[in-house]
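2 protein chains.
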Amino acid sequence: MGDLLERFLSGDQRALARTISLVENDAPEKDELLRNLYQRTGRSYILGVTGSPGAGKSSLVDRLVEVIRKRNETVGIVAVDPTSPFTGGAILGDRIRMNDHALDSGVFIRSMGTRGSLGGLAKNTKEVAKVMDAYGMDWVIIETVGVGQAELDIMHTADTTIVVLTPGAGDSIQTMKAGIMEIADIFAVNKCDMPGSDMVVAEVEMMLNFQDDHIKWRPPVVKTSTINKSQGIDDLLGTVLKHRDYLSEKGIFKERRQERAKNETLDIVNHQWQRMVQQRIKLPGRVNDLLEKVAIREVDPYTASESILSWILNDSGIKRD
Amino acid sequence: MGDLLERFLSGDQRALARTISLVENDAPEKDELLRNLYQRTGRSYILGVTGSPGAGKSSLVDRLVEVIRKRNETVGIVAVDPTSPFTGGAILGDRIRMNDHALDSGVFIRSMGTRGSLGGLAKNTKEVAKVMDAYGMDWVIIETVGVGQAELDIMHTADTTIVVLTPGAGDSIQTMKAGIMEIADIFAVNKCDMPGSDMVVAEVEMMLNFQDDHIKWRPPVVKTSTINKSQGIDDLLGTVLKHRDYLSEKGIFKERRQERAKNETLDIVNHQWQRMVQQRIKLPGRVNDLLEKVAIREVDPYTASESILSWILNDSGIKRD
Numbered sequence: 000m001g002d003l004l005e006r007f008l009s010g011d012q013r014a015l016a017r018t019i020s021l022v023e024n025d026a027p028e029k030d031e032l033l034r035n036l037y038q039r040t041g042r043s044y045i046l047g048v049t050g051s052p053g054a055g056k057s058s059l060v061d062r063l064v065e066v067i068r069k070r071n072e073t074v075g076i077v078a079v080d081p082t083s084p085f086t087g088g089a090i091l092g093d094r095i096r097m098n099d100h101a102l103d104s105g106v107f108i109r110s111m112g113t114r115g116s117l118g119g120l121a122k123n124t125k126e127v128a129k130v131m132d133a134y135g136m137d138w139v140i141i142e143t144v145g146v147g148q149a150e151l152d153i154m155h156t157a158d159t160t161i162v163v164l165t166p167g168a169g170d171s172i173q174t175m176k177a178g179i180m181e182i183a184d185i186f187a188v189n190k191c192d193m194p195g196s197d198m199v200v201a202e203v204e205m206m207l208n209f210q211d212d213h214i215k216w217r218p219p220v221v222k223t224s225t226i227n228k229s230q231g232i233d234d235l236l237g238t239v240l241k242h243r244d245y246l247s248e249k250g251i252f253k254e255r256r257q258e259r260a261k262n263e264t265l266d267i268v269n270h271q272w273q274r275m276v277q278q279r280i281k282l283p284g285r286v287n288d289l290l291e292k293v294a295i296r297e298v299d300p301y302t303a304s305e306s307i308l309s310w311i312l313n314d315s316g317i318k319r320d
Numbered sequence: 000m001g002d003l004l005e006r007f008l009s010g011d012q013r014a015l016a017r018t019i020s021l022v023e024n025d026a027p028e029k030d031e032l033l034r035n036l037y038q039r040t041g042r043s044y045i046l047g048v049t050g051s052p053g054a055g056k057s058s059l060v061d062r063l064v065e066v067i068r069k070r071n072e073t074v075g076i077v078a079v080d081p082t083s084p085f086t087g088g089a090i091l092g093d094r095i096r097m098n099d100h101a102l103d104s105g106v107f108i109r110s111m112g113t114r115g116s117l118g119g120l121a122k123n124t125k126e127v128a129k130v131m132d133a134y135g136m137d138w139v140i141i142e143t144v145g146v147g148q149a150e151l152d153i154m155h156t157a158d159t160t161i162v163v164l165t166p167g168a169g170d171s172i173q174t175m176k177a178g179i180m181e182i183a184d185i186f187a188v189n190k191c192d193m194p195g196s197d198m199v200v201a202e203v204e205m206m207l208n209f210q211d212d213h214i215k216w217r218p219p220v221v222k223t224s225t226i227n228k229s230q231g232i233d234d235l236l237g238t239v240l241k242h243r244d245y246l247s248e249k250g251i252f253k254e255r256r257q258e259r260a261k262n263e264t265l266d267i268v269n270h271q272w273q274r275m276v277q278q279r280i281k282l283p284g285r286v287n288d289l290l291e292k293v294a295i296r297e298v299d300p301y302t303a304s305e306s307i308l309s310w311i312l313n314d315s316g317i318k319r320d
């Protein structure tokens, strides 16, 4: 691992890819790796991009990467692609997209599927973003299909979140229903050369008027297109930079980073606790016996959980004293 | 609470509504309530219905309820409607739908929004289903927009899960991407009087051919419609009953209920652990001091979490010894 870390720190992209894979696959050396990288994190600006499937997020991100690269800044992209084992969409999408920036050492793309359990994706995505951060990327862009709670949770990692809307069949209303309007710092109305885009802009502005009293930053609405010719991309990045300045000036940037570090710590505490419980129920013993009694409805889960909690706490307490 | 419980057990629908509200709002008496009801649960047949927004799930469920009621069986419906504070969709939908069955005491509908945090919705939905189960409903139907991990988690509660597809713009492919194909026991191709429905059926069958080696129950594909006249609803319920027989015959039904009871217990253990941690960080003390050090990057989260875990374990161990 020492060798991998050394190569990683010297800026070797293959070491970056390998490190991300270890983190993504929950390899045994993962915790140690992340611990070693931690001091180097907290410097990337994290940009979230979310929206319904088909909103054109990937193309928009690709165009954003182009203008970021013109500023001589580096970018890591985590594309969260909830994918069934049938389709293999993540891998395919990855290959297609890599071509655009394949020869550019200042860009690194990783797609992530929904392997693992509930909450696993959000956790892994944040960790991969952290690895890119430690690698020294100026920007980390996290791209998700903004529909579920896991995706919302991922977006809370971002410093600035762009919600991508498109003209057409009630997209903005669906988006509202999915609960992602609340996390928008910026709205991009993409495919703005299609009919109906002005109506989407108007709808969003109306909605923002509704809630204007409660917010300090009113999310700007930017029209973009990536279809025939790029449109509004510079404007979009300019708006992101404006939001970044706003966060810095108000002290929100620093405050959020601090809050996030605390929450990360508590997440790790909970994760380790759950690992402990999982290990315990693999072994024969009173925890397992009681669970069997719950299974045949001899004991109810509420009574059983009290005993199990206190047993695990006591056993660990004694061991660790 | 004794009075509420008594009225609940005597079949008072207002007591059912009140109990569900207490559970949904995480009222202090909730755990005690659920503990008291536990012995009466495990008898409802739990039917999950999921699919993209606009697939016509609500109408399909309403028609299913009609045919179930003709069998003189009772139904509780939990409609999970991820809703933003802006739209109030859940409440509106609830009112509209209640009209259909308002005078029928054998039907009870509750819509649930995405209040609360990550994982909260899944937990609450399962608990509300359990309350309806304890109330004596023959069926509990859980209806979700099947997109996120939380919804997938909810669906694992169901004995039989119907995935609703519709003809039109790549619906089946989107559904696959969202990863809900794997949880389907039955496919309903709804709006089957619209053009393209045969193609959807063919697509699904093809997909099933792909994975046929690995599964014992091949999900039947049933064409349904609720638009002009109802179509395929009896067939759909018939297919559900066939799946129910299959689960019973193979012993899967019993096995799953047992597994679920164990998992519920472990969920409660984890929930109580997290409550304990939350209480600890509200108080001043060494846990809080260390978290502050993490915030200013003096200590990394991995090192800090080890100390915090062992402190909490030891403190609890000593207290409970």
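Quick note, the sequences are listed as chains E and D, same order.
Every letter in the first sequence is one number past the one before it in numbering that gives the first Met the number 0, and letter 29, counting from 1, is 28.
Every letter in the second sequence is one number past the one before it in numbering that gives the first Met the number 0, and letter 234, counting from 1, is 233.
Just so you know, even glycine gets a beta-carbon here, dropped at the ideal spot from N, CA and C.
Could you check if residue i is buried or exposed, using at least 16 other CB atoms within 10 Å of its CB as the buried criterion?
i: residue 107 (chain E); result: buried
i: residue 131 (chain E); result: buried
i: residue 45 (chain D); result: buried
i: residue 16 (chain D); result: exposed
i: residue 116 (chain D); result: With a pLDDT of 39 at residue 116 (chain D), under the threshold of 50, the modelled position of that residue is not reliable, and the figure given next carries that caveat. It is exposed - the Cβ of residue 116 (chain D) has fewer than 16 other Cβ atoms within 10 Å.
i: residue 248 (chain D); result: exposed
i: residue 103 (chain E); result: exposed
i: residue 303 (chain D); result: buried
i: residue 180 (chain E); result: buried
i: residue 246 (chain E); result: buried
i: residue 317 (chain E); result: Any answer about residue 317 (chain E) is weak, because its pLDDT of 45 lies below 50 and its placement is not dependable; what the coordinates show is given next. Label assigned to residue 317 (chain E): exposed.
i: residue 358 (chain E); result: A query on residue 358 (chain E) cannot be resolved here, the shown segment of chain E reaching from 0 to 320 and no further.
i: residue 129 (chain E); result: buried
Counting only the same chain and skipping the five closest in sequence on each side, list residues whose C-beta sits under 6 Å from that of residue i.
i: residue 47 (chain E); result: 141, 154, 157, 160
i: residue 118 (chain D); result: Bear in mind that the predicted position of residue 118 (chain D) carries a pLDDT of just 47, short of 50, making it too unreliable to give a figure here.
i: residue 152 (chain D); result: 121
i: residue 134 (chain D); result: 15
i: residue 242 (chain D); result: 159, 184
Given residue i, which residues of its chain have a CB within under 7 Å of its CB, disregarding the five upstream and five downstream residues?
i: residue 219 (chain E); result: 185, 238
i: residue 58 (chain D); result: 225
i: residue 279 (chain E); result: 286, 311
i: residue 6 (chain D); result: 14
Helix, strand or coil for residue i, going by three-state DSSP, please let me know.
i: residue 138 (chain D); result: strand
i: residue 193 (chain D); result: coil
i: residue 231 (chain E); result: coil
i: residue 302 (chain E); result: helix
i: residue 247 (chain E); result: helix
i: residue 109 (chain E); result: strand
i: residue 223 (chain D); result: coil
i: residue 161 (chain D); result: strand
i: residue 46 (chain D); result: strand
i: residue 295 (chain E); result: coil
i: residue 264 (chain D); result: helix
i: residue 54 (chain E); result: coil
i: residue 16 (chain D); result: helix
i: residue 75 (chain E); result: strand
Am I right that residue i and residue j are in contact with their C-beta atoms under 8 Å? What's the rounded C-beta distance?
i: residue 289 (chain D); j: residue 309 (chain D); result: Their Cβ separation, rounded to whole angstroms, is 12 Å, which puts residue 289 (chain D) and residue 309 (chain D) out of contact at 8 Å.
i: residue 54 (chain E); j: residue 189 (chain E); result: 6 Å
i: residue 33 (chain D); j: residue 301 (chain E); result: 6 Å
i: residue 123 (chain D); j: residue 111 (chain D); result: 6 Å
i: residue 199 (chain E); j: residue 166 (chain E); result: 5 Å
i: residue 221 (chain D); j: residue 240 (chain D); result: Their Cβ separation, rounded to whole angstroms, is 12 Å, which puts residue 221 (chain D) and residue 240 (chain D) out of contact at 8 Å.
i: residue 325 (chain D); j: residue 109 (chain D); result: Nothing about residue 325 (chain D) can be reported from this structure: the residues present for chain D run from 0 to 320 only.
i: residue 162 (chain E); j: residue 50 (chain E); result: 6 Å
i: residue 18 (chain E); j: residue 8 (chain E); result: With 8 Å as the limit, residue 18 (chain E) and residue 8 (chain E) do not qualify as a contact, their Cβ atoms being about 10 Å apart.
i: residue 75 (chain E); j: residue 256 (chain E); result: Actually they are not in contact, since the Cβ atoms of residue 75 (chain E) and residue 256 (chain E) sit about 18 Å apart, beyond 8 Å.
Could you tell me the alpha carbon to alpha carbon distance between residue i and residue j, rounded to whole angstroms?
i: residue 294 (chain E); j: residue 191 (chain E); result: 56 Å
i: residue 66 (chain E); j: residue 138 (chain E); result: 12 Å
i: residue 164 (chain D); j: residue 127 (chain D); result: 26 Å
i: residue 22 (chain E); j: residue 73 (chain E); result: 21 Å
i: residue 296 (chain E); j: residue 230 (chain D); result: 41 Å
i: residue 264 (chain D); j: residue 29 (chain D); result: 15 Å
i: residue 11 (chain E); j: residue 1 (chain E); result: 14 Å
i: residue 223 (chain E); j: residue 71 (chain E); result: 22 Å
i: residue 250 (chain D); j: residue 244 (chain D); result: 10 Å
i: residue 89 (chain D); j: residue 52 (chain D); result: With a pLDDT of only 42 at residue 89 (chain D), under 50, the local geometry of the prediction cannot be trusted, and no value is derived from it.
i: residue 298 (chain D); j: residue 36 (chain E); result: 13 Å
Determine whether the Cβ of residue i lies closer than 7 Å to any Cβ atom of chain A.
i: residue 124 (chain D); result: Among the chains of the structure shown, chain A does not appear; the protein chains present are E and D.
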